[in-house]
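Trainee: Mind having a look at this structure? Questions to follow.
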Amino acid sequence: MVLSHCHYDHTGGLLGVLRAVSRKIPVIAHPSIFRCTLVLKPRLRYIGIPFTKRELEEASYLVLVADPLEIAEGVVTTGEVKGREEFERHGFDAYTISNGHLVRDELIDDISLVIKARGRHVLITGCAHAGIVSIVKHVASLVGSVPKA
128 MVLSHCHYDH TGGLLGVLRA VSRKIPVIAH PSIFRCTLVL KPRLRYIGIP FTKRELEEAS
188 YLVLVADPLE IAEGVVTTGE VKGREEFERH GFDAYTISNG HLVRDELIDD ISLVIKARGR
248 HVLITGCAHA GIVSIVKHVA SLVGSVPKA
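Following this note's numbering, the numbering of the sequence shown begins with 128 at its first residue and continues without gaps.
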């Protein structure tokens, strides 16, 4: 299982699913996925993972990795998307705590999947908080071509 990013609407049911299966399975995520993630409007609210790292480690084989990772033949995570397009940098108004200060959350944990099928690369994103143009460019640099779908 691959977590696209930390927001509760992508992770909220995860522990229930993991506890329902009869064995531990790998869960792949970015190392920063457990950071404090907040929105300020309409009120200050936590929107991150609704459980602890320890709870997830007890229920799965947690793999935290920022780099691309081949998880099956022809299936690779994008890893952290670097070199983002400026016009895509502030599409989501979230914040985190850094060195005791409230700062804009750059959502560096946003990862996607690339599947090679029939000689073509297919991109599967979650919310694409890193920006779809930035993600497509990142994938092209990883696999040598722009995804076809």
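No residue lacks a Cβ here, since even glycine has one placed at the ideal position from N, Cα and C.
Any idea what DSSP makes of glutamate 197, helix, strand or coil?
Mentor: Residue state, collapsed to three classes: strand.
Trainee: Relative to the alpha-carbon of phenylalanine 178, which residue among Leu191, Arg162, Pro169 has its alpha-carbon at the smallest distance?
Mentor: It is Arg162.
Trainee: From serine 149 to serine 272, what does the alpha carbon distance come to, in whole angstroms?
Mentor: Going by the C-alpha atoms only, they are around 39 Å apart.
Trainee: Using 10 angstroms around the beta-carbon of isoleucine 224, count the other beta-carbons present and answer buried if the total reaches 16, otherwise exposed.
Mentor: It counts as exposed.
Trainee: Check whether the stretch 229-249 touches the stretch 196-210, counting contact only when three or more Cβ pairs, one atom from each stretch, lie closer than 8 Å.
Mentor: Yes, the stretch 229-249 is in contact with the stretch 196-210.
Trainee: Using three-state DSSP, classify threonine 138 as helix, strand or coil.
Mentor: Helix, per DSSP.
Trainee: Taking the alpha-carbon positions, what's the isoleucine 155 to serine 131 distance?
Mentor: If I take the Cα positions, the gap works out to 9 Å.
Trainee: I'd like the list of long-range same chain contacts for alanine 255, defined as Cβ closer than 8 Å, with 5 residues on each side in sequence excluded.
Mentor: If we look at alanine 255 and ignore the five residues flanking it on each side, its Cβ neighbours are Asp237, Ser239, Ile262.
Trainee: When you compare each of Arg146, Ser268, Glu233, Arg245 to histidine 79 by their alpha carbons, which one comes out closest?
Mentor: Only positions 128 to 276 of the chain appear in the structure, and residue 79 is not among them; the question remains open.
Trainee: Tell me which residues share the same chain as glutamate 212 and place their Cβ nearer than 7 Å to its Cβ, disregarding the 5 neighbours each side in the sequence.
Mentor: Hits under 7 Å: Gly258, Val260, Ser261.
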